[in-house]
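Those sequence lines, one after another, are chains A and B.
Residue numbers are given in the numbering used here: position 427 of the first sequence equals residue 435, and the series is strictly consecutive.
Residue numbers are given in the numbering used here: position 99 of the second sequence equals residue 104, and the series is strictly consecutive.
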Amino acid sequence: MSGTFVGMPAFPKAAHEALGNAQLRRNLAHATGTIRAKRQRLVDEVNANSDWEALRLAGAGVKESALVDLATHLETLEASLTANGATVHWASDAVEANAIVASIAKRHGADEVVKVKSMVTQEINLNEALAAEGIAAWETDLAELIVQLGDDLPSHILVPAIHRNRSEIREIFLTKMASAGRPAPVDLTDEPAVLAAAARSHLREKFLRAKVGVSGANFAVADTGTLVVVESEGNGRMCLTLPEVLVSVVGIEKVVPTWEGLDPLLRLLPRSSTGERMNPYTSTWNGVTPGDGPQEVHVVLLDNGRTNALADEVGRQALRCIRCSACLNVCPVYERTGGHAYGSVYPGPIGAILNPLLKGVGNPGPDGAQVDSLPYASSLCGACFEACPVRIDIPSVLVDQRAKVVDAHRVTRKVGVPKVEALAFKGAAVALADPRKLGLGERFTRVGLGVARRVGARKWTSARDLPAAPRESFRAWWKRTDGGRS
Amino acid sequence: MRVALMVTCINDALYPGTGRAVVTLLRRLGVDVEFPAQQTCCAQPMVNTGYLDEAVPVVRNFVDAFAGYDAVVTPSGSCAGCARHQHSIVARRSGDAALAAAVESTSPKVYELSEFLVDVLGVTDVGAYYPHTVTYHPTCHSLRMLGVGDRPRQLLEKVRGLTLLELPAAEQCCGFGGTFALKNADTSVAMGADKARHVRETGAEVLVAGDNSCLTHIGGLLTREQSGVRSVHLAEILAATEGASA
Chain A
9 MSGTFVGMPA FPKAAHEALG NAQLRRNLAH ATGTIRAKRQ RLVDEVNANS DWEALRLAGA
69 GVKESALVDL ATHLETLEAS LTANGATVHW ASDAVEANAI VASIAKRHGA DEVVKVKSMV
129 TQEINLNEAL AAEGIAAWET DLAELIVQLG DDLPSHILVP AIHRNRSEIR EIFLTKMASA
189 GRPAPVDLTD EPAVLAAAAR SHLREKFLRA KVGVSGANFA VADTGTLVVV ESEGNGRMCL
249 TLPEVLVSVV GIEKVVPTWE GLDPLLRLLP RSSTGERMNP YTSTWNGVTP GDGPQEVHVV
309 LLDNGRTNAL ADEVGRQALR CIRCSACLNV CPVYERTGGH AYGSVYPGPI GAILNPLLKG
369 VGNPGPDGAQ VDSLPYASSL CGACFEACPV RIDIPSVLVD QRAKVVDAHR VTRKVGVPKV
429 EALAFKGAAV ALADPRKLGL GERFTRVGLG VARRVGARKW TSARDLPAAP RESFRAWWKR
489 TDGGRS
Chain B
6 MRVALMVTCI NDALYPGTGR AVVTLLRRLG VDVEFPAQQT CCAQPMVNTG YLDEAVPVVR
66 NFVDAFAGYD AVVTPSGSCA GCARHQHSIV ARRSGDAALA AAVESTSPKV YELSEFLVDV
126 LGVTDVGAYY PHTVTYHPTC HSLRMLGVGD RPRQLLEKVR GLTLLELPAA EQCCGFGGTF
186 ALKNADTSVA MGADKARHVR ETGAEVLVAG DNSCLTHIGG LLTREQSGVR SVHLAEILAA
246 TEGASA
């Protein structure tokens, strides 16, 4: 039912379309502004008593220690999970992971699964893969339900329906709920509590019926073999406890070496994501507990490009990401374009680095061009790095990914006509390496202005005036007046 | 102390008045600033667009031009940020150990103007007079790459005749972002339009910032909107004195 991001245009084109949607911009400005303010109050509160920066360093340290020796920690995790009665599967890509989940569901004769909100199952398009096998995957997170019922795409990591306001949600519930199960009451209003009650009634039917639950995990603790899901609504806990079978798809970067390592992460995550001291529900489970909860527990450990990212010296820090979305909420680009423009379930600043790292840059075809456009979808203002609870230096990774995009095209464009931009920078490199090559003074200025006007004037002047050219350049003035002394 | 002015390519070509203001200001404070004519550009446009090979000869020229100076002062937080934090990336790319060593010696000597005034010269009252209402936009690279903090405000607050008005959402990016302004022109303009609206809301006569590239963008929108608000670089306000105000 819910769509996937296929055939998306490159960022500038998608952004152009999103910018024309005034309702979207109002929804986003209001929502991100509210979350930003909540987060800042809690950061200030931590700083009043201790030190937010120290907490960030501790969180980054835990994730970094996991990545430095990832193979060892994953083997420990597999051994602990197995000892706890879980079955561990390894999947190198989306196709393998989806096949594993589908085969487990089919073995139990299930024609439906209930799902905990999870980014990784969206990354691999699990719902669509299960649908192709005749298995309905029901999203149970309220916002994911809105997205799924609306046949829409998520636009935010934490708040996937952030682009919708409550009157739009009422409309979706009224027109779409009936086709997916229990219908919405006919007198449905757009009061948040009334909308939540309709969703609760719709979802309970599914919770009580489903035999198989599917989740991701926020953290996978290696030494104890524990999976952790952090959520607000309790719908996740329903899926984690009511079905007989539980399948959790977990990216390999989610591993945390020790139980103690959860400490800074569980303090950083709710403050950075929802702007709360503590999230309402933290569910942890160690494999199978006889007579309590699912009696068959599977864990699918997924690569899907993560080892590529790990091999990237500058970019590997992106694997520290705990999917809090603080970077989205502070990003001036995201605030104006929304998440769909990024063409991925991972939008915003983290998406602008994670997608190219997972998928690689310089791939042929329109999807390759879309991925290659993402590192440029930033003004490099640095607000994301400042907000990131695990200190991912997103601007530096963006710049590094831009160099990788350019380098990839250096190779592929050996034959044929080089891009105007590449030629312009090659010319500039020659000119700016030695002012004598241009002759001093006016010629330098004229060439600089000439290049600027030819390369970008129209894109610049559509909404902005260009400054008037001065009578003489600074260096000409300095030479003529001996630095203003004559 | 031998002090060099790194005027930046954009100021050299488009805003020579900003360069002249730095010279006036520093001489008034007793610094005999020099202008090494070999300088061209800090290489930021290449680095931030991904053209690292093309940045190598430009950085090589930069370290040659500024070798031997005790301090390099620039009226741009962004260019100072590139010299301090990105030249080492370019040097690594070149594989040239001599270039890496030269960068390591030059980079820490590069100061954005407000840093040089407050930290090196130890002044906040530079004897300026500027009888106008002014609002200050802290540019992203000066704020988050260099960490200049409130140094520009300390300097502005000591300017006689000047009334400083608070800019709403001051710390949000104006949307310039170098080649971002062209590659993602629509988003850049949407961000700039919000910034320009906030500037107008203050009722200030003058918008001040420490980077003429950002001011070109915001100012380009403000003049297109015929707002009447002038965009002026921090250096020009600090250089202004009674009888010679800008």
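Think of the CB as a built atom: it goes at the ideal place given N, C-alpha and C, for glycine as much as any other residue.
Pairwise C-alpha distance: residue j and residue i
i: Val423/A; j: Val414/A; result: For Val423/A, the predicted model reports a pLDDT of 47, less than 50, meaning its position is unreliable; a value from the coordinates is still stated below. Distance between the alpha carbons of Val423/A and Val414/A: 15 angstroms.
i: Arg380/A; j: Pro374/A; result: Looking at the sequence shown, residue 380/A is not Arg but Asp. Answer to the nearest angstrom: the Cα atoms are 10 angstroms apart.
i: Gly248/B; j: Tyr20/B; result: 22 angstroms
i: Arg25/B; j: Ser232/B; result: 27 angstroms
i: Val338/A; j: Gln31/A; result: 19 angstroms
i: Glu321/A; j: Asp408/A; result: 10 angstroms
i: Lys412/A; j: Ala190/B; result: 22 angstroms
i: Asp17/B; j: Ser58/A; result: 47 angstroms
i: Ala144/A; j: Pro193/A; result: 23 angstroms
i: Glu83/A; j: Thr292/A; result: 20 angstroms
i: Ala56/A; j: Leu50/A; result: 10 angstroms
i: Thr489/A; j: Glu39/B; result: 13 angstroms
i: Thr297/A; j: Val305/A; result: 10 angstroms
i: Cys335/A; j: Leu34/B; result: 42 angstroms
i: Val308/A; j: Gly299/A; result: 23 angstroms
i: Thr13/B; j: Thr45/B; result: 7 angstroms
i: Phe252/B; j: Ala26/A; result: An answer regarding residue 252/B cannot be provided, because it is not within the stretch 6 to 251 covered by chain B.
i: Ile170/A; j: Cys219/B; result: 30 angstroms
i: Arg399/A; j: Trp485/A; result: 45 angstroms
i: Pro265/A; j: Pro403/A; result: 28 angstroms
i: Met11/B; j: Val77/B; result: 6 angstroms
Status (buried if at least 16 other CB within 10 Å, exposed otherwise) for residue i
i: Asn106/A; result: buried
i: Ser256/A; result: buried
i: Met6/B; result: exposed
i: Gly449/A; result: Unreliable positioning characterises Gly449/A in this predicted model, as indicated by a pLDDT of 47, which lies under 50. The coordinate reading is nonetheless provided below. Label assigned to Gly449/A: buried.
i: Asp160/A; result: buried
i: His38/A; result: exposed
i: Arg479/A; result: exposed
i: Asp52/A; result: exposed
i: Asp3/A; result: Examination of residue 3/A is not possible in this model, given that chain A is present from 9 through 494 alone.
i: Asp124/B; result: exposed
i: Lys188/B; result: buried
i: Val130/B; result: Here residue 130/B turns out to be Asp, not Val, going by the sequence shown. Per the 10 Å Cβ criterion, exposed.
i: Lys214/A; result: buried
i: Glu147/A; result: buried
i: Pro364/A; result: buried
Host beta strand (DSSP E) of residue i (start-end)
i: Gly259/A; result: Val253 to Gly259
i: Ala9/B; result: Val8 to Leu10
i: Glu304/A; result: Glu304 to Leu310
i: Thr168/B; result: Thr168 to Leu170
i: Glu120/A; result: Glu120 to Lys123
Boundaries (first-last residue) of the alpha helix (DSSP H) holding residue i
i: Ala106/B; result: Ala102 to Thr111
i: Val569/A; result: For chain A, the structure presents residues 9 to 494; residue 569/A sits outside this window and is missing.
i: Thr345/A; result: Pro340 to Thr345
i: Trp293/A; result: Note, Trp293/A: premise wrong, no alpha helix (DSSP H); beta strand (DSSP E) at Tyr289 to Trp293.
i: Trp486/A; result: Phe482 to Thr489
i: Lys188/B; result: Phe185 to Lys188
i: Arg156/B; result: Arg156 to Glu162
i: Gly24/B; result: Pro21 to Arg33
Cutoff 9 angstroms: residue i Cβ touching any chain C Cβ
i: Leu187/B; result: In the structure shown, chain C cannot be found, because the protein chains are A and B.
Would you list, in sequence order, the uninterrupted beta strand (DSSP E) runs of no fewer than 3 residues that lie entirely inside the region 49–101 of chain A?
95–99
Could you tell me which whole beta strand (DSSP E) segments of length 3 or greater appear in the region 143–187 of chain A?
144–147
What alpha helix (DSSP H) runs, 4 residues minimum, are completely inside the region 203–243 of chain B?
For the region 203–243 of chain B, whole alpha helix (DSSP H) runs of length 4 or above, ordered along the chain, are 217–229.
Could you give the uninterrupted runs of the alpha helix (DSSP H) lying entirely in the region 191–265 of chain A, keeping only those of 4 residues or more?
Qualifying alpha helix (DSSP H) stretches, in chain order: 200–217 and 243–249.
Within the region 68–138 of chain B, ranges of the beta strand (DSSP E) (whole runs, at least 3 residues)
With a minimum length of 3 residues, the continuous beta strand (DSSP E) runs that stay inside the region 68–138 of chain B are 76–79 and 115–117.
Taking contact to mean 3 or more Cβ pairs, one atom from each stretch, closer than 8 angstroms, check whether the region 76–96 of chain B and the region 147–164 of chain B are in contact.
Touching, yes.
Determine contact between the region 168–187 of chain B and the region 103–116 of chain B, defined as no fewer than three beta-carbon pairs at a distance below 8 angstroms.
Judged by Cβ distances under 8 angstroms, the region 168–187 of chain B makes no contact with the region 103–116 of chain B, as fewer than three pairs qualify.
Any chance the region 97–104 of chain A sits against the region 301–319 of chain A, with 3 or more Cβ pairs inside 8 angstroms?
yes
For the pair the region 49–56 of chain B and the region 474–488 of chain A, tell me if three or more CB-CB distances fall below 8 angstroms.
no
Is it a yes or a no for the region 155–174 of chain A touching the region 249–267 of chain A, going by three-plus beta-carbon pairs under 8 angstroms?
no
When you compare the region 185–203 of chain A with the region 89–98 of chain A, are there three or more beta-carbon pairs, one atom per stretch, that lie closer than 8 angstroms?
no
Should the region 234–242 of chain B be regarded as contacting the region 209–224 of chain B, the criterion being three or more beta carbon pairs within less than 8 angstroms?
With a cut-off of 8 angstroms, the region 209–224 of chain B and the region 234–242 of chain B count as touching, because enough Cβ pairs lie within range.
Only counting runs of 4 or more residues, tell me where the alpha helix (DSSP H) segments fall wholly within the region 327–389 of chain A, in order along the chain.
334–338, 340–345, 356–367 and 374–381
Check whether the region 173–184 of chain A touches the region 344–358 of chain A, taking contact to mean three or more Cβ pairs, one atom from each stretch, closer than 8 angstroms.
no
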